[in-house]
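This report concerns only the one structure given below.
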Amino acid sequence: MILLLKGENLYGDGVNIATRLKTLAQPNGISISKSIYELIYKKTSLEFNDLGIQQIKENSFHVYDIVLEPTQKRNLKNKDNTSDKNVKFSIAAFCFCLLIAGFLFVTLGQQETNQPEELFLDSKAIKMIVVEFRNLSYEAETLNLAQGLTQAIRTKLSNYEEVSVPSEEVRNKLFKNGKLDEKFAEKLGISHAVSGSVQKSGTSWRITAELADKISSELLWSKTADFKDTDALAIQDEISDEVLASTMTKITMGEDAELDRVVFSSSSDFLDFMNWRSNWLTRTPESLIIAEKLSANLTTKLSDENVYKYLMPGWNAFARLRRNLADDEVADKELLYSSIEKSLLLNPGYAHNLAGLTALIFEKDCQKAGYHLEEFVKAGKNSNRYRQLGYVLITCDDQDNAIKHLNVALRLEPNAKNAEIKQMIIAAHMFKKDFSKALIVGENFIKQGLKDKSTQNLMAFIYLLQDDLQNAKVYSSVLKETKELNSEEFKEVASLCGYFCSTFYKDNYEIK
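Take 5 as the starting number for the sequence shown in the working numbering and just add one per residue.
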């Protein structure tokens with residue numbers, strides 16, 4: 005039996021059979037096919053009436069009535085008027101289909117069983133596990149707080165879109181006899197773990213929490229917090245907020261998140277802001293809609309002194325204009341420049357990047373863009389700000405300074421989020437037309453573990469610039485069957501690579 009779901013519509017043989025069964029069923033009665041009967045008759049006390057093989061239009065199948073009351077027992081003549089040979093053939097065909105259906109049933113059942121693991125594995129977010137906090141005082145009250153802390157941290161992290169935490173079902177498989185199954189965790193791609201302990205002495209509590217990189221076995225962050233006469237829920241809130249903040253600063257967003265955190269007095273507002281930022285950076289129409297909803301809700305709660313009350317609407321307008329999604333370009337431009345003006349007056353250290361990127365993208369003014377991004381770096385020397393300056397310098401054809409600043413960014417950036425910086429360093433060498441150096445740098449990054457598709461497409465494009473189709477094939481599935489490169493394939497590889505390759509292709513290969 006084959007079913008196809010398209011939109012809200014269902015198509016296929018199964019739908020045909022269901023329609024025919026509806027025709028055969030008595031008023032207020034239920035008729036089922038033999039394949040359904042075989043699945044349920046041993047698992048229910050219902051009475052069934054075997055009607056034999058029935059034929060309606062082009063469908064021939066074995067039918068059973070579910071007898072809900074004695075009056076529903078009936079005899080139907082076999083409506084299959086074909087020869088015995090055809091009947092036997094139909095039965096054989098039906099049995100074959102039933103065998104296939106059974107195989108699909110088992111296979112799909114297996115897939116359904118593994119679905120939570122597959123969904124977790126498919127997530128592009130950074131995968132983390134929260135290990136049960138240890139009870140060091142061996143008291144019921146301490147145990148309750150340890151369990152509460154574990155759950156509070158899991159909940160807090162699961163609400164952050166840059167992180168994926170395993171479901172309860174997957175978590176139960178991960179922990180055997182209270183111990184983490186390291187091999188299974190590695191298979192699921194879990195890269196970071198939160199752990200800790202709870203101790204009590206009199207009315208005082210001591211909580212320790214740690215964040216570790218499971219791949220490098222490096223301790224990224226730790227905290228010891230003492231509480232006296234404090235409500236357990238307040239302890240859970242404070243520690244889970246600290247773990248979330250450390251996740252943002254040490255794993256996902258880098259030190260820029262620490263600068264942003266001081267602007268928000270509420271941890272829930274800060275989480276909404278970080279989810280806005282995550283969706284904005286995803287750069288799809290769908291994620292922008294989510295970002296706009298988050299910012300619309302958040303800006304109503306922020307005070308007039310919070311710079312992001314003006315910056316978030318400004319960044320949203322920037323994105324709509326950049327991606328040609330604006331319903332009213334004039335209104336969005338007014339909103340963008342108004343946001344820049346208000347933000348620069350209120351807190352310029354947070355606003356220079358929006359001002360600089362607006363100058364770069366919409367005004368084509370490299371001098372103005374460079375000034376604002378350099379001021380942005382001075383206000384907070386962290387990886388994200390050096391990366392943004394590097395982007396402006398590449399676009400403005402100052403590749404040597406771009407490479408210098410991007411290498412600073414690379415030294416500062418947490419391992420989990422440095423792929424984009426590495427790609428930009430490779431691209432800067434490409435724009436210098438030093439293709440050999442670009443490939444050497446790229447191959448070294450790949451040996452160090454850089455294996456994402458964007459990097460592979462970038463490497464394929466640069467190999468094509470070197471007229472090296474064989475090595476380009478190693479990195480691009482588009483070229484696997486290519487024996488001689490044509491202009492359309494070259495353009496497609498540039499498109500798959502993204503902004504830098506497309507720009508390089510447009511500047512050097514398109515006919516002006």
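Note that beta-carbon positions come from the ideal geometry of N, C-alpha and C, so glycine has one too. It should be emphasised that the depicted structure is a prediction, and the values quoted were computed from it without experimental measurement.
Residue environment analysis places residue 78 among the exposed positions, since fewer than 16 neighbouring C-beta atoms fall within 10 angstroms of its C-beta. Taken in chain order, the unbroken stretches of beta strand (DSSP E) that lie wholly in the region 198-280 and span 3 residues or more are 208-217 and 222-232. Cβ contact annotation for residue 321 (same chain, cutoff 8 Å, sequence separation greater than five): 330, 336, 337, 339, 340 and 343, in chain order.
A Cβ-Cβ distance of about 10 Å is found for the pair residue 276 and residue 306, leaving them out of contact under the 8 Å criterion.
Residue 342 is bridged by DSSP to nothing; it lacks a bridge partner. For residue 309, the number of other beta carbons within 10 angstroms of its own is below 16, and it is reported as exposed.
Your pair residue 439 and residue 470 checks out as a contact, with CB atoms roughly 5 Å apart and the cut at 8 Å. Taking 8 Å as the cut-off, the Cβ atoms of residue 504 and residue 431 count as close. For residue 356, the closest C-alpha among the options 370, 376 and 363 is that of 376. Around the beta carbon of residue 69, a 10 Å sphere encloses 16 or more other beta carbons of the protein chains shown; the residue is thus reported as buried.
For the region 126-185, the full-length alpha helix (DSSP H) segments reaching 4 residues or more read 144-162 and 172-178 along the chain. With fewer than 16 other CB atoms across the displayed protein chains lying within 10 angstroms of its CB, residue 474 is exposed. Pairwise C-beta distances place the region 174-190 out of contact with the region 222-238, as fewer than three of them are shorter than 8 Å. Between the region 443-451 and the region 409-419, the count of Cβ pairs shorter than 8 Å is below three; the stretches do not touch. DSSP links residue 51 through a beta bridge to 71.
Judged by DSSP secondary structure, residue 387 falls within the alpha helix (DSSP H) whose first and last residues are 387-399. In the three-state reduction of the DSSP assignment, residue 293 falls in the helix class.
Ranked by Cα distance from residue 365, the first of 165, 351 and 327 is 327. Short of 7 Å from the beta carbon of residue 201, and not among the five residues preceding or following it, lie these beta carbons of its own chain, in chain order: 137, 138, 140 and 212.
Looking from the CA of residue 436, the closest CA among 461, 402 and 233 belongs to 402. Judged by DSSP secondary structure, residue 481 falls outside any alpha helix (DSSP H); it is assigned neither H nor E. Residue range 34-37 is occupied by the beta strand (DSSP E) that includes residue 36, with no alpha helix (DSSP H) assigned at that position. Residue state for residue 58 is assigned as strand, using DSSP reduced to three classes. Where residue 513 is concerned, there is no enclosing alpha helix (DSSP H), because DSSP gives it neither an H nor an E. Contact between residue 282 and residue 424 is ruled out by a C-beta separation of about 14 Å, above the 8 Å threshold.
Of the other Cβ atoms in all chains shown, 16 or more fall within 10 Å of the Cβ of residue 412; this residue is therefore buried.
For residue 415, the uninterrupted alpha helix (DSSP H) run begins and ends at 403-416, by DSSP.
When beta bridges are read from the DSSP output, residue 376 appears opposite no residue. Inter-residue distance for residue 371 and residue 353 is about 18 Å (C-alpha atoms, whole angstroms). The closest CA to that of residue 468, considering only 481, 265, 162 and 489, is found on 489.
When rounded, the separation of the alpha-carbon atoms in residue 404 and residue 304 is 44 Å. Distances from the alpha-carbon of residue 498 to those of 465, 389, 478 and 512 put 465 closest. Shown here for residue 409: same chain residues with a beta carbon closer than 7 Å to its own, the five before and five after excluded, namely 390, 393, 394 and 397 in chain order.
Scanning its chain for C-beta atoms nearer than 6 Å, with the 5 sequence neighbours on each side dropped, one finds around residue 428 the residues 394 and 410, in chain order.
Taking a 10 Å sphere around the C-beta of residue 246, we find 16 or more other C-beta atoms and assign the residue as buried.
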